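Going down the list, the protein sequences come from chains R and G.
Heads up: the first sequence begins at 1 in my numbering, then just goes up one per residue.
Heads up: the second sequence begins at 1001 in my numbering, then just goes up one per residue.
All residues carry an ideal CB built from backbone N, CA and C; glycine is no exception.
Here the structure is a predicted model, which is why all the values come from computation and not from measurement.
These notes concern the structure reproduced below.
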Amino acid sequence: DEAQPSIKSFFIPD
Amino acid sequence: MLEGKFEEASLLKKVIESIKDSVKLCNFNCSQSKGITVQAIDDSRVLLIALKIDSGSFQEFRCDRDLVLGLDLESLSKILKQGNNEDYLTIIAEDSPDSLLVVFEDKKKDRISEFSLKLMDIDSDVLTIDDMEHDCSITMPAYEFAKIARDMKTLSESLQIIITKDSVKFNAEGQIGSGSIILKPHTDMEKPDESIKIELNQPVVLTFGAKYLNDIVKATALSSTVTIKLTDKAPALFEYRLPSGYLRYYLAPKFDD
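As structure tokens, this is what we get:
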């Protein structure tokens, strides 16, 4: 099975 | 006051058609130095859209003060459909606007049409996106990538992209069977945009949701080529160049659970 992470988890909030 | 006049309405029409199915509400940030910039995340939080329409994309551009225009893209799309692709399109907003004025001018007939779009207050998280180093980069014809994304979605919910120095392979495995498409780099001297270019620091294998790739290829009309930048275990960057500016999509990869 594949998990789909959120794009937000890869970037730092400004 | 903001006043931006496009030589042709088609540019903004294509931009909005490229993103409106992914993002319903977003803020257009307007400034004299940067033109119009947008950062928005799709409703399922998998795709990030970064748009930059530089002042060079406009025939005339003036923005006296930094402005934020909160837009419902479905509503903006309805208004943009009122004008012809070849019309001049001018967008106008006051300094503290509650509406955006959209004006179309037909170049041949004496016809001017004006529409007012209500603006909204939209809360949005802003993420810092640095210019990342990438393991590899592919530039290829946009229509060819669109066809691959659309065709492979009929086989599987996921599309694997495998890059080596000699090729890029798109691989789909689904219930009815599997398929793969292999492209090799080549240079077309007569039609440079038909070329396929691979730059590789190290080979990469990543898997993406086919649905999101199909959202991304809605931008195909904007540019003859797409550049895809991939890095192991990091979001992929899909870039469509505008005449002056870009539309970028950052897509989170899938991982084996």
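In chain order, what residues of the region 1021–1052 of chain G put their CB closer than 7 Å to some CB of chain R? Those residues of the region 1021–1052 of chain G placed with their C-beta closer than 7 Å to a C-beta in chain R are 1041, 1045, 1046, 1047, 1048, ordered along the chain.
Measuring straight from C-alpha to C-alpha, what distance separates residue 1032(G) and residue 1005(G)? Along the second sequence, one-based indexing puts residue 1032(G) at 32. Along the second sequence, one-based indexing puts residue 1005(G) at 5. Approximately 14 Å between the Cα atoms of the pair.
Measure the alpha-carbon distance for residue 1045(G) versus residue 1253(G) and round it to whole angstroms. Locating residue 1045(G) in the second sequence gives position 45, where the first residue counts as 1. Locating residue 1253(G) in the second sequence gives position 253, where the first residue counts as 1. Distance between the alpha carbons of residue 1045(G) and residue 1253(G) is about 12 Å.
List the whole-angstrom C-beta distance separating residue 1247(G) from residue 1073(G), where the pair is believed to meet the contact cut-off of C-beta under 8 Å. For this step, residue 1247(G) is matched to residue 247 along the second sequence. For this step, residue 1073(G) is matched to residue 73 along the second sequence. The pair is not a contact, with the Cβ atoms about 13 Å apart (cut-off 8 Å).
Cβ atoms of residue 1240(G) and residue 7(R): under 8 Å apart, would you say? If you number the first sequence from 1, residue 7(R) lands on position 7. If you number the second sequence from 1, residue 1240(G) lands on position 240. No.
With hydrogens ignored, establish whether the beta-carbon of residue 7(R) is closer than 7 Å to any heavy atom of the ligand HEM. Of the ligands one can find in the structure shown there are none, so the ligand HEM has no counterpart to examine.
Run through the region 1125–1151 of chain G for me and flag every whole alpha helix (DSSP H) of 4 or more residues, listed as ranges in chain order. Within the region 1125–1151 of chain G, complete alpha helix (DSSP H) segments of at least 4 residues are not found at all.
Counterpart residues of residue 1195(G) in DSSP-defined beta bridges: Along the second sequence, read from residue 1 onward, the residue named residue 1195(G) stands at position 195. Here residue 1195(G) is not bridged, per DSSP, to any residue.
Cα separation between residue 1155(G) and residue 1184(G)? Position 155 of the second sequence, counted from the first residue, corresponds to residue 1155(G). Position 184 of the second sequence, counted from the first residue, corresponds to residue 1184(G). If you take the alpha carbons of residue 1155(G) and residue 1184(G), they lie about 22 Å apart.
Can you give me the C-alpha to C-alpha distance between residue 1192(G) and residue 1014(G), rounded to a whole angstrom? For this step, residue 1192(G) is matched to residue 192 along the second sequence. For this step, residue 1014(G) is matched to residue 14 along the second sequence. Spanning the alpha carbons of residue 1192(G) and residue 1014(G) requires a straight line of approximately 23 Å.
Expressed to the nearest angstrom, what Euclidean distance is found between the alpha-carbon atoms of residue 1258(G) and residue 1171(G)? Any question about residue 1258(G) goes unanswered here, given that chain G covers just 1001 to 1257.
Where the alpha helix (DSSP H) containing residue 1074(G) begins and where it ends: Counting from one through the second sequence, the residue named residue 1074(G) turns up at place 74. Counting along the chain, the unbroken alpha helix (DSSP H) around residue 1074(G) starts and ends at 1073–1080.
If you measure between the beta carbons of residue 1163(G) and residue 1217(G), is that distance less than 8 Å? Within the second sequence, residue 1163(G) is the residue found at index 163, counting from 1. Within the second sequence, residue 1217(G) is the residue found at index 217, counting from 1. In terms of Cβ geometry, residue 1163(G) and residue 1217(G) do not form a close pair [threshold 8 Å].
Contacting residues, own chain, Cβ-Cβ under 6 Å from residue 1243(G) (five flanking each side not counted): Locating residue 1243(G) in the second sequence gives position 243, counting from the first residue. Non-local C-beta neighbours of residue 1243(G) in its own chain, meaning closer than 6 Å and more than five positions away in sequence, comprise 1057, ordered along the chain.
Residue range of the beta strand (DSSP E) that residue 1027(G) falls in? The residue given as residue 1027(G) occupies position 27 in the second sequence. Secondary structure note for residue 1027(G): its beta strand (DSSP E) is the uninterrupted segment 1025–1031.
Whole alpha helix (DSSP H) runs in the region 1210–1251 of chain G with 4 or more residues, listed along the chain? Qualifying alpha helix (DSSP H) stretches, in chain order: 1210–1216.
Do the CB positions of residue 1077(G) and residue 1020(G) come within less than 8 Å of each other? Counted from its first residue, the second sequence places residue 1077(G) at position 77. Counted from its first residue, the second sequence places residue 1020(G) at position 20. At the C-beta level, residue 1077(G) and residue 1020(G) come within 8 Å of one another.
Run of the alpha helix (DSSP H) containing residue 1010(G), from where it starts to where it stops: Within the second sequence, numbered from 1, the residue matching residue 1010(G) stands at position 10. 1010–1019 is the span of the alpha helix (DSSP H), which, as asked, contains residue 1010(G).
Under a Cβ-count criterion, where at least 16 other Cβ atoms within 10 Å of its own Cβ denotes burial, should residue 1039(G) be classed as buried or exposed? Taking the first residue of the second sequence as 1, we reach residue 1039(G) at position 39. Around the CB of residue 1039(G), 16 or more other CB atoms lie within 10 Å, so the residue is classed as buried.
Within 8 Å, do at least three Cβ pairs link the region 1206–1224 of chain G to the region 1141–1153 of chain G? These segments touch.
Under 8 Å by Cβ, that's how I've got residue 1200(G) and residue 1233(G) pegged, so tell me the actual separation to the nearest angstrom. The residue given as residue 1200(G) occupies position 200 in the second sequence. The residue given as residue 1233(G) occupies position 233 in the second sequence. With 8 Å as the limit, residue 1200(G) and residue 1233(G) do not qualify as a contact, their Cβ atoms being about 17 Å apart.
If you draw a straight line from the alpha carbon of residue 1235(G) to that of residue 1127(G), how long is it in whole angstroms? The sequence position of residue 1235(G) within the second sequence is 235, counting from 1. The sequence position of residue 1127(G) within the second sequence is 127, counting from 1. Cα to Cα, the separation comes out at about 14 Å.
Nearest-angstrom Cα separation, counted from residue 1143(G) out to residue 1182(G): For the purposes of this step, residue 1182(G) is identified with residue 182 of the second sequence, where counting begins at 1. For the purposes of this step, residue 1143(G) is identified with residue 143 of the second sequence, where counting begins at 1. So the two alpha carbons sit approximately 16 Å from each other.
Determine whether the Cβ of residue 1129(G) lies closer than 8 Å to any Cβ atom of chain R. Translated into the one-based positions of the second sequence, residue 1129(G) becomes position 129. For residue 1129(G), the nearest beta carbon of chain R is closer than 8 Å to its own beta carbon.
So residue 1173(G) is in the beta strand (DSSP E); what residue range does that whole segment cover? Taking the second sequence and counting its residues from 1, the one referred to as residue 1173(G) is at position 173. Unbroken beta strand (DSSP E) run through residue 1173(G): 1168–1173.
With 8 Å as the threshold, decide whether the Cβ of residue 1093(G) is near any Cβ in chain R. On the second sequence, position 93 is the one that residue 1093(G) refers to. Put simply, the CB of residue 1093(G) is far from chain R, with every gap to its CB atoms at 8 Å or more.
Secondary structure at residue 8(R), three-state DSSP: helix, strand or coil? Taking the first residue of the first sequence as 1, we reach residue 8(R) at position 8. Helix at residue 8(R).
Could you tell me whether any Cβ in chain R is nearer than 8 Å to the Cβ of residue 1235(G)? Reading the second sequence from its first residue, position 235 is the one you call residue 1235(G). Judged by the 8 Å Cβ criterion, residue 1235(G) is in contact with chain R.
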